[in-house]
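Going by our numbering, the first residue of the sequence shown is number 370, and it counts up by one from there. Beta carbons: idealized from backbone N, C-alpha and C, even for Gly. Just so it is clear, the structure is predicted and the values come from calculations on it, not from any experiment.
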Amino acid sequence: MTIQNESVHTKGLVLHSQARYYDLLAWLLTLGRERAFRERLVELARLQQGEAVLDVGCGTGTLAIAAKKRVGHSGTVVGIDASREMIELSQRKAKRAGVEVRFETAIVEALPFSDASFDVVFSTLMLHHLPRPAREQCAREIRRVLKPGGRVLAVDFATPARQRKGLLARLHRHGHMALREIIELLSGAALQVEEFGAVGVSDLQFVAARVPDPNDTTTSALPATARSMDPLPAPRWLWVVLVAAIVIAHALVIGRVTSHITLPIASAATVVVLILLMHSTFIGIIHTLLRRWRTR
370 MTIQNESVHT KGLVLHSQAR YYDLLAWLLT LGRERAFRER LVELARLQQG
420 EAVLDVGCGT GTLAIAAKKR VGHSGTVVGI DASREMIELS QRKAKRAGVE
470 VRFETAIVEA LPFSDASFDV VFSTLMLHHL PRPAREQCAR EIRRVLKPGG
520 RVLAVDFATP ARQRKGLLAR LHRHGHMALR EIIELLSGAA LQVEEFGAVG
570 VSDLQFVAAR VPDPNDTTTS ALPATARSMD PLPAPRWLWV VLVAAIVIAH
620 ALVIGRVTSH ITLPIASAAT VVVLILLMHS TFIGIIHTLL RRWRTR
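Laid out in structure tokens, this is it:
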């Protein structure tokens, strides 16, 4: 069965005008680690050469392009989004990357694909844009287009918005989904949850599920596994930017102060040295704490 959706409109939030700066925002939100983040999702989905992949709510296509590179020439990748602007950006990005990914304007409540068309479906940072009935319809549609034994990876904000503290959360306040809600949503669509946990970026969490394969009795009785990923390390350039910002800020302050008062050269040099020592000690402490945190 194939569902056509030209005359149907999504009940979820659609990002239109935000498309033009979506990639920049994603880069800022992940502190330049977007490529590592997408590769982590590809690993969690356990993509294999030759598989057929669907990315629902694909945005500007970054994940779909990464998936295509993993499944190779023998695999197929399709990305859908309700925003025509997002799809147009995705198409241009795939062309620049030299990969063949099909992008279509479509809605998640009525996927325009035949039953059992895909091995893997991605849903990243999309479910919280939908009201509950639309989420349930989306989950049923994902289940419908997956092959027997097919897999789905859902990623979304997992803690209530009022409790989130980070930059990623502050710029993405409009929705969230508790991990329990995602698990119940996929289970309610007759999908077998296999794994769940933290992605390692901000408060994002994932749920990996599978269509039960009646011919495979070895995995049907296995319980879901909790597995949290290690946090992605901060990029080294971030510390360079931080140190440069501190130096520039202090240079501006010192220049402002010395323009109003006169200090002996020796006194001014002493003040500068003390400031540098203070901040070098502070940065050293942060570096030590980060090393311990990354090796836990």
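Are alanine 679 and histidine 545 close, meaning C-beta to C-beta below 8 Å? With the chain covering 370 to 665 only, the question about residue 679 has no answer from this structure.
Can you tell me whether arginine 512 is buried or exposed, with buried defined as 16 or more other CB within 10 angstroms of its CB? One-based indexing of the sequence shown puts residue 512 at position 143. The residue is buried, with at least 16 neighbouring Cβ atoms inside 10 Å.
If you measure from the CB of arginine 409, is any heavy atom of the ligand GDP nearer than 7 Å? This structure simply doesn't include the ligand GDP, nor any ligand for that matter.
Are the beta-carbon atoms belonging to arginine 453 and threonine 474 less than 8 Å from one another? In the sequence shown, counting from the first residue as 1, residue 453 sits at position 84. In the sequence shown, counting from the first residue as 1, residue 474 sits at position 105. Result yes, Cβ atoms of arginine 453 and threonine 474 sit closer than 8 Å.
How many Å lie between valine 521 and alanine 578 at the Cα? Within the sequence shown, numbered from 1, the residue matching residue 521 stands at position 152. Within the sequence shown, numbered from 1, the residue matching residue 578 stands at position 209. Cα to Cα, the separation comes out at about 5 Å.
On the three-state DSSP scale, how would you describe serine 597? For this step, residue 597 is matched to residue 228 along the sequence shown. It is coil, neither helix nor strand.
Cα separation between leucine 432 and leucine 410? If you number the sequence shown from 1, residue 432 lands on position 63. If you number the sequence shown from 1, residue 410 lands on position 41. C-alpha separation (whole angstroms): 8 Å.
Do valine 576 and leucine 601 have their C-beta atoms closer together than 8 Å? Taking the sequence shown and counting its residues from 1, the one referred to as residue 576 is at position 207. Taking the sequence shown and counting its residues from 1, the one referred to as residue 601 is at position 232. For valine 576 and leucine 601, no; Cβs fall outside 8 Å.
Proximal residues to histidine 543 (C-beta, below 6 Å), its chain only, five neighbours per side dropped: Here residue 543 is taken as the residue at index 174 of the sequence shown, counted from 1. At histidine 543, the pLDDT of 49 sits below 50, so the modelled position is not reliable; the number obtained from the coordinates is stated separately. Cβ within range, chain order: n/a, list empty.
Run of the beta strand (DSSP E) containing isoleucine 449, from where it starts to where it stops: As a first step, residue 449 is located in the sequence shown; it is residue number 80 there, counting from the start. Its beta strand (DSSP E) spans residues 445-450.
Since glutamate 563 and alanine 593 should fall inside the 8 Å C-beta cutoff, what is the C-beta to C-beta distance between them, to a whole number of angstroms? One-based indexing of the sequence shown puts residue 563 at position 194. One-based indexing of the sequence shown puts residue 593 at position 224. Under the criterion of beta carbons closer than 8 Å, glutamate 563 and alanine 593 qualify as touching, at roughly 6 Å.
Starting from glutamate 564, follow its DSSP beta bridges and name the residues at the other end. Along the sequence shown, one-based indexing puts residue 564 at 195. Residue pairing of glutamate 564 in beta bridges, as defined by DSSP: Ala577, Thr594.
Serine 483: which of Val470, Phe472, Glu510, Gly467 sits nearest, CA to CA? Start at 1 with the first residue of the sequence shown, and residue 483 comes out as number 114. The shortest Cα separation from serine 483 among Val470, Phe472, Glu510, Gly467 belongs to Glu510.
When DSSP labels each residue in this structure, what does valine 470 get in the three-state scheme? Here residue 470 is taken as the residue at index 101 of the sequence shown, counted from 1. In the structure shown, valine 470 sits in coil (DSSP, three-state: anything other than H, G, I, E or B).
What does the alpha-carbon distance come out to for the pair leucine 554 and alanine 508? Against the sequence shown, residue 554 aligns to sequence position 185. Against the sequence shown, residue 508 aligns to sequence position 139. Spanning the two alpha carbons is a distance of roughly 7 Å.
Among Arg415, Ser597, Asn584, which residue has its Cα nearest to the Cα of leucine 548? Residue mapping note: residue 548 aligns to position 179 of the sequence shown, counting from 1. Leucine 548 has its Cα closest to that of Ser597, out of Arg415, Ser597, Asn584.
Would you mind stating whether alanine 503 and threonine 379 have Cβ atoms separated by less than 8 Å? What you label residue 503 is simply residue 134 of the sequence shown in a count that begins at 1. What you label residue 379 is simply residue 10 of the sequence shown in a count that begins at 1. Cβ distance < 8 Å, so alanine 503 and threonine 379 count as in contact.
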